[in-house]
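Chains as they are written, first to last, in my numbering: chain U, 1 to 356; chain E, 1 to 356. Where a beta carbon is used, it is the ideal one built from N, C-alpha and C, also for glycine.
Number of protein chains: 2
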Amino acid sequence: MSNKIYFTPGPAQLFYTFEEHLKRALFLDIPSISHRSKDFIRIVEETNEGMRELLDLPAGYDIYYLNSANEAWDRIIQNLVSKRSHHFINGAFSRKFYEFALLHGKSSTATEAEDGGSFEAFEIPRGAELIGITKNETSVGHSFLESEIEKLRKENPDKLIALDVVSASPSLEVNFQNIDTAYFSVQKAFGLPAGLAVWIANEKCHEIAEERSITTSLGSYRTLPNLKKFGDKSQTPETPNMLFIYLLGKIAQDILSAGVQRMRNDTIYKATLLNQAIENHPHLAHFVSSKEHRSKTTIVASTKKAAEFINYFQQRGLILGTGYGSHKKNHLRIANFPTHSKESVEMLCDLMTKIE
Amino acid sequence: MSNKIYFTPGPAQLFYTFEEHLKRALFLDIPSISHRSKDFIRIVEETNEGMRELLDLPAGYDIYYLNSANEAWDRIIQNLVSKRSHHFINGAFSRKFYEFALLHGKSSTATEAEDGGSFEAFEIPRGAELIGITKNETSVGHSFLESEIEKLRKENPDKLIALDVVSASPSLEVNFQNIDTAYFSVQKAFGLPAGLAVWIANEKCHEIAEERSITTSLGSYRTLPNLKKFGDKSQTPETPNMLFIYLLGKIAQDILSAGVQRMRNDTIYKATLLNQAIENHPHLAHFVSSKEHRSKTTIVASTKKAAEFINYFQQRGLILGTGYGSHKKNHLRIANFPTHSKESVEMLCDLMTKIE
Numbered sequence: 001m002s003n004k005i006y007f008t009p010g011p012a013q014l015f016y017t018f019e020e021h022l023k024r025a026l027f028l029d030i031p032s033i034s035h036r037s038k039d040f041i042r043i044v045e046e047t048n049e050g051m052r053e054l055l056d057l058p059a060g061y062d063i064y065y066l067n068s069a070n071e072a073w074d075r076i077i078q079n080l081v082s083k084r085s086h087h088f089i090n091g092a093f094s095r096k097f098y099e100f101a102l103l104h105g106k107s108s109t110a111t112e113a114e115d116g117g118s119f120e121a122f123e124i125p126r127g128a129e130l131i132g133i134t135k136n137e138t139s140v141g142h143s144f145l146e147s148e149i150e151k152l153r154k155e156n157p158d159k160l161i162a163l164d165v166v167s168a169s170p171s172l173e174v175n176f177q178n179i180d181t182a183y184f185s186v187q188k189a190f191g192l193p194a195g196l197a198v199w200i201a202n203e204k205c206h207e208i209a210e211e212r213s214i215t216t217s218l219g220s221y222r223t224l225p226n227l228k229k230f231g232d233k234s235q236t237p238e239t240p241n242m243l244f245i246y247l248l249g250k251i252a253q254d255i256l257s258a259g260v261q262r263m264r265n266d267t268i269y270k271a272t273l274l275n276q277a278i279e280n281h282p283h284l285a286h287f288v289s290s291k292e293h294r295s296k297t298t299i300v301a302s303t304k305k306a307a308e309f310i311n312y313f314q315q316r317g318l319i320l321g322t323g324y325g326s327h328k329k330n331h332l333r334i335a336n337f338p339t340h341s342k343e344s345v346e347m348l349c350d351l352m353t354k355i356e
Numbered sequence: 001m002s003n004k005i006y007f008t009p010g011p012a013q014l015f016y017t018f019e020e021h022l023k024r025a026l027f028l029d030i031p032s033i034s035h036r037s038k039d040f041i042r043i044v045e046e047t048n049e050g051m052r053e054l055l056d057l058p059a060g061y062d063i064y065y066l067n068s069a070n071e072a073w074d075r076i077i078q079n080l081v082s083k084r085s086h087h088f089i090n091g092a093f094s095r096k097f098y099e100f101a102l103l104h105g106k107s108s109t110a111t112e113a114e115d116g117g118s119f120e121a122f123e124i125p126r127g128a129e130l131i132g133i134t135k136n137e138t139s140v141g142h143s144f145l146e147s148e149i150e151k152l153r154k155e156n157p158d159k160l161i162a163l164d165v166v167s168a169s170p171s172l173e174v175n176f177q178n179i180d181t182a183y184f185s186v187q188k189a190f191g192l193p194a195g196l197a198v199w200i201a202n203e204k205c206h207e208i209a210e211e212r213s214i215t216t217s218l219g220s221y222r223t224l225p226n227l228k229k230f231g232d233k234s235q236t237p238e239t240p241n242m243l244f245i246y247l248l249g250k251i252a253q254d255i256l257s258a259g260v261q262r263m264r265n266d267t268i269y270k271a272t273l274l275n276q277a278i279e280n281h282p283h284l285a286h287f288v289s290s291k292e293h294r295s296k297t298t299i300v301a302s303t304k305k306a307a308e309f310i311n312y313f314q315q316r317g318l319i320l321g322t323g324y325g326s327h328k329k330n331h332l333r334i335a336n337f338p339t340h341s342k343e344s345v346e347m348l349c350d351l352m353t354k355i356e
């Protein structure tokens with residue numbers, strides 16, 4: 001890796017042990033061994049066990065491997081929604097999930113807030129089968145609160161809840177008991193290259209997909225029942241991205257060894273530093289107005305001088321994220337992932353004060 | 001990488017320059033840069049240009065990135081087939097493509113030969129919209145001849161032809177003028193880890209998918225029209241497997257620099273050696289009886305002593321492939337890909353004579 005530090009919110013800085021594990025993976029010929037071999041099945045088991053412990057997954061929540069969060073949107077709608085889902089939208093990624101539902105011909109509905117705004121109403125239309133929530137809206141730095149998810153769970157015991165944990169897991173604590181399915185791509189908080197995503201689904205999801213499969217095409221060979229059929233043997237229907245599954249397991253193990261709580265405490269400490277730097281700077285302001293909804297993993301500042309900030313840091317080897325979509329020129333986005341050391345964030349905040 | 005040499009037909013031996021390019025990719029921060037950046041667009045352009053030259057693609061044939069050949073089967077059926085396709089089946093992978101068509105609710109038909117057998121009739125049912133052919137049936141080592149593809153093309157100018165070039169490209173010469181769409185996964189003849197596939201589609205495919213999209217859901221966000229919308233800007237709808245796209249381009253460039261014709265001549269030389277070794281061995285026989293249909297990239301021998309051969313070679317660091325599926329215990333499969341040096345194949349053949 002170069003000497004730069006990527007604070008971009010994905011693709012992001014690689015995890016600090018990535019290269020070491022990559023070298024070991026090549027020494028072990030992980031990309032060349034059979035994906036049906038006992039050795040590879042053991043690797044899938046280890047990665048699954050690591051993820052299960054790291055995310056504190058309850059029993060009955062299974063792990064499957066996809067290639068992107070976009071694919072997870074396809075799969076969730078295809079497998080779990082017959083007529084309509086309901087989506088909470090306050091940014092580009094939560095909107096995309098809703099748009100995927102429409103693309104699949106569903107009569108889905110949405111509760112919309114302005115970009116980065118909080119939601120005030122949590123009523124769900126009666127016919128909705130699944131509620132789509134974004135734990136961390138990476139485009140604008142808004143976090144859905146655990147208490148809000150819990151409220152939705154209590155008021156809608158009959159509906160599935162799908163949680164987008166892209167750039168949230170493993171940094172933010174999520175009570176998976178309150179949701180039925182979740183997904184993330186590995187190029188964010190896990191510090192891996194893009195090309196792999198994790199899809200978590202519980203027994204309720206399996207029942208629904210299984211029942212729907214009797215009368216309906218679930219739209220792909222990668223149906224939930226087929227993923228489960230292979231997954232129950234720690235396998236995948238096709239040859240998967242074996243190298244990245246191995247590396248994900250190793251990184252999960254590293255975070256576990258260093259301590260999940262410590263990593264989460266560090267996340268809060270670094271977010272606090274970054275938030276203070278924004279508050280103390282004359283040219284920066286928080287984009288998300290509700291303090292408690294501000295993301296701890298994707299810090300977003302409004303500014304009229306985004307290009308100046310980005311150039312200043314770039315010259316010093318620190319790569320900040322631009323705004324997303326229509327916010328491209330008016331936002332700074334700063335990722336705060338497990339691989340970002342406290343020292344690197346302190347350095348970033350120190351430099352911030354020098355920009356006039 | 002270890003000192004072993006994998007002659008398994010996929011996942012396979014990594015390309016001999018893989019590690020060098022991987023190091024360079026990490027130095028350049030390829031996994032961390034934005035997938036919307038000019039730098040990454042340039043990488044996609046370079047990989048596309050390399051693939052185009054290496055495969056000698058005609059104008060109007062576009063390149064898209066998927067994650068597996070399995071996904072290509074989904075996409076081809078979803079985008080290009082309304083009612084039925086017709087498949088030539090003589091092994092597990094050609095059969096799978098047919099089964100995918102049925103899974104998607106198509107009334108597809110098939111011309112079946114026994115595993116590894118050649119086809120005698122090439123008539124296509126009238127209503128078939130697409131003909132599915134497997135250039136190299138990796139499960140049993142049968143190759144479809146260019147003359148057979150040409151015959152199908154001439155007799156069916158109104159139908160699409162989809163060619164599976166997994167473990168065929170870039171080793172075998174394919175006249176892409178005779179087909180409309182093709183696909184391969186990179187963990188075979190290109191010597192990359194699994195997790196990326198290339199999908200080639202011509203203008204006729206675009207027209208059909210575009211027209212179908214007006215009235216029908218094409219089953220995913222990864223429709224051909226959407227892939228084209230992004231592909232025309234050398235981009236992808238989602239964050240793709242950027243690292244492997246970069247590495248694929250570099251390996252394509254290496255093969256081009258050394259000379260495509262030379263690599264193909266070497267493929268023939270190595271296949272000749274392996275075929276002779278089979279013919280000269282009392283315990284081995286060719287599985288594919290038709291000499292001209294024997295694959296040059298996946299050499300398959302029938303034997304009652306498969307386990308002995310595999311163990312003997314394994315002890316010497318050479319990993320041979322077992323038979324596929326029901327042939328597991330009665331076949332040896334030996335890959336002959338660009339990364340396998342003439343010297344390594346000569347060594348393999350020498351050792352072969354020592355097994356009694």
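Contacts around residue i, its chain only, beta-carbon distance under 7 Å, and the 5 residues preceding and following it disregarded
| i | result |
| --- | --- |
| U:K342 | D266, Y269 and K270 |
Cβ of residue i within 8 Å of any chain U Cβ
| i | result |
| --- | --- |
| E:P11 | yes |
| E:H327 | no |
| E:P338 | no |
| E:F14 | The sequence shown places Leu at residue 14 of chain E, rather than the Phe named in the question. Yes, contact with chain U. |
| E:Q187 | yes |
| E:A182 | no |
| E:A194 | yes |
| E:G323 | no |
| E:M347 | no |
Closest residue to residue i among the options (Cα-Cα distance)
| i | options | result |
| --- | --- | --- |
| E:T138 | E:T298, E:S185 and E:I5 | E:T298 |
| U:L227 | U:L26, U:N336, U:I33 and U:Y64 | U:Y64 |
| E:A72 | U:F15, U:N136 and U:E238 | U:E238 |
| U:F313 | U:I149, U:Y16 and U:Y6 | U:Y6 |
| E:D115 | E:H340, E:G323 and E:M352 | E:G323 |
| E:A182 | E:N136, E:A285, E:Y246 and E:K151 | E:N136 |
| U:L103 | E:H281, E:V260, E:I214 and E:T236 | E:I214 |
| E:D350 | E:T303, E:H281 and E:L332 | E:H281 |
| U:F184 | U:S217, U:R52 and U:D164 | U:D164 |
| U:L243 | E:L192, E:A335 and E:K296 | E:L192 |
| U:S257 | U:S143, U:R24 and U:M51 | U:M51 |
| U:S108 | U:V81, U:Q315 and U:H283 | U:V81 |
| U:T8 | U:F337, U:E356, U:A209 and U:T353 | U:F337 |
| E:D158 | E:K38, E:Q276 and E:S85 | E:S85 |
| U:E356 | U:L320, U:I278, U:H293 and U:T236 | U:I278 |
Cβ of residue i within 8 Å of any chain E Cβ
| i | result |
| --- | --- |
| U:H104 | yes |
| U:M51 | no |
| U:I33 | yes |
| U:M1 | yes |
| U:M263 | no |
| U:P225 | no |
Contacts around residue i, its chain only, beta-carbon distance under 6 Å, and the 5 residues preceding and following it disregarded
| i | result |
| --- | --- |
| E:D180 | L160, I161, N202, K204 and C205 |
| U:E133 | A small fix is needed here, since residue 133 of chain U is Ile in this sequence, not Glu. So the qualifying residues of the chain are F88, F144 and L163. |
Alpha-carbon to alpha-carbon, residue j and residue i
| i | j | result |
| --- | --- | --- |
| E:E99 | U:E19 | 40 Å |
| U:K329 | U:L348 | 20 Å |
| U:R42 | U:I30 | 12 Å |
| U:H340 | U:M263 | 10 Å |
| U:T272 | E:S32 | 25 Å |
| E:S68 | E:F97 | 13 Å |
| E:V288 | E:L55 | 26 Å |
| E:L332 | U:N70 | 40 Å |
| E:E123 | E:N90 | 16 Å |
| E:Q13 | E:G117 | 28 Å |
Beta-carbon proximity list for residue i, same chain, < 8 Å, skipping 5 on both sides
| i | result |
| --- | --- |
| U:T17 | K250, I251 and D254 |
| E:I245 | I43, V44, T47, Y65 and L196 |
| E:V345 | K270, L273, L274 and N336 |
(request) Starting from the N-terminal side, write out each stretch of the alpha helix (DSSP H) that is 4 residues or longer and does not extend beyond the stretch 17 to 93 of chain U. (result) If we require 4 residues or more, the alpha helix (DSSP H) runs fully inside the stretch 17 to 93 of chain U come out as 18 to 27, 38 to 55 and 69 to 80.
(message) If we require 4 or more residues per run, which alpha helix (DSSP H) segments fall completely within the stretch 297 to 329 of chain U?
(response) 306 to 315
(request) Kindly provide the ranges of any beta strand (DSSP E) runs that are 3 or more residues long and lie completely inside the stretch 103 to 173 of chain E, ordered along the chain. (result) 109 to 112, 130 to 134 and 160 to 164
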